[in-house]
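Structure first, commentary second.
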Amino acid sequence: MAERTVFQSIPKRVILSLSSHATVWEAACAMTRANFSSVLVMDPPDRLLGIVTERDLTTRVLARALDPKTTTLAQVMTPNPLCVTPQTKVSDAVLMMIERGFRHLPIVGPDRKVMGVFSVRDALPREIDTALSQTEFNEQVNDALG
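Following numbering that gives the first Met the number 0, the numbering of the sequence shown begins with 0 at its first residue and continues without gaps.
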C-alpha cells in the first residue's frame with residue numbers, strides 16, 4: 000500500500016486566510032468559527048506571507064500581554080513559512096515538523112497556489128512512528144559522525 004500524501008490526508012480543503020492587517024482578535028474569532036488551529040496570512044488574497052497558529056496566540060500574544068484587538072497578524076505571524084507540495088509523503092512532512100518544531104505546514108502547488116494546511120493531527124500514528132524512527136536514526140548517525 001502506497002503511503003499517503005499530505006494532500007490526501009487533510010480532511011478540510013478549505014483555506015482560512017486573513018490579511019496581514021487583520022487583528023489577532025479577528026483571527027481568533029475566525030479560527031474558532033471555522034474550528035481551525037491556524038490561519039494563513041495572505042496579501043493580496045493569493046500571496047502567502049505567513050501563518051499564525053493557536054500556539055502563536057499563546058506564546059506571542061497572551062504570554063507577552065499584547066492587546067489582541069490592536070495587535071496585527073503581521074506582528075505575530077511566522078513569516079515565509081516552510082511549505083510542502085501536495086505530493087509530499089506524510090512521514091516526510093512529520094519528520095520536518097519534528098525536526099523544526101512545527102505543527103502546521105501550508106501545502107502549496109507548483110503555481111504557488113495554496114491548497115490547504117497539513118496539521119500534525121492529520122498524520123496517522125504509523126506515519127508518526129515512521130518519522131520518529133527516522134529521527135532516531137538521524138541522531139544515531141550524527142552521534143557516530145561526531
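Where is the CB? At the ideal position from N, CA and C, for every residue including glycine.
Tell me where the beta strand (DSSP E) around Ser-118 begins and ends. Your numbering for residue 118 matches position 119 in the sequence shown. Run containing Ser-118: 113–118, per the beta strand (DSSP E) assignment.
Can you tell which of Val-116, Gln-139 and Arg-102 has the C-alpha that lies nearest to the C-alpha of Val-40? Along the sequence shown, one-based indexing puts residue 40 at 41. Ranking Val-116, Gln-139 and Arg-102 by Cα distance to Val-40 puts Val-116 first.
What is the DSSP secondary structure of Ile-50, reduced to helix, strand or coil? Here the question's residue 50 lines up with position 51 in the sequence shown. Strand.
With distances taken Cα to Cα, identify the nearest neighbour of Ile-146 among Glu-2, Arg-46 and Thr-22. Since the first residue of the chain shown is 0 and the last is 145, residue 146 is not available in this structure.
If distances are taken between C-alpha atoms only, which option among Ile-106, Ala-27 and Val-93 comes closest to Thr-70? Mapped onto the sequence shown, residue 70 falls at position 71. Looking at Ile-106, Ala-27 and Val-93, the one whose alpha-carbon comes closest to that of Thr-70 is Ala-27.
Which value, in whole angstroms, describes the spacing of the CA atoms of Val-38 and Ala-143? Working through the sequence shown from its first residue, we reach residue 38 at position 39. Working through the sequence shown from its first residue, we reach residue 143 at position 144. Counting only the Cα atoms, Ala-143 lies some 41 Å from Val-38.
When you compare only the Cα positions, how much space is there between Gly-49 and Met-76? Stepping through the sequence shown from its first residue, residue 49 is reached at position 50. Stepping through the sequence shown from its first residue, residue 76 is reached at position 77. Using only the alpha carbons, I get a separation of about 6 Å.
Could you name the residues of the same chain whose beta carbon sits closer than 8 Å to that of Gln-133, not counting the 5 residues immediately before and after it, in chain order? Position 134 of the sequence shown holds residue 133. Take Gln-133, set aside five residues on each side of it, and the residues of its chain with a beta-carbon closer than 8 Å to its own are Ser-90 and Leu-94, in chain order.
Closest Cα partner of Ser-18 within the set Pro-78, Thr-57 and Leu-61: Here residue 18 corresponds to residue number 19 of the sequence shown, with the count starting at 1. That would be Pro-78, whose Cα lies nearest to the Cα of Ser-18.
Beta strand (DSSP E) segment containing Met-76, residue limits: Counted from its first residue, the sequence shown places residue 76 at position 77. Run containing Met-76: none; DSSP gives neither H nor E here.
Could you pull the start and end residues of the alpha helix (DSSP H) that Leu-94 belongs to? If you number the sequence shown from 1, residue 94 lands on position 95. Unbroken alpha helix (DSSP H) run through Leu-94: 89–99.
Drop a sphere of 10 angstroms on the beta-carbon of Asp-55, count the other beta-carbons inside from all chains shown, and report buried for 16 or more, exposed for fewer. Here residue 55 is taken as the residue at index 56 of the sequence shown, counted from 1. Burial state of Asp-55 is buried, judged by a 10 Å Cβ sphere holding 16 or more other Cβ atoms.
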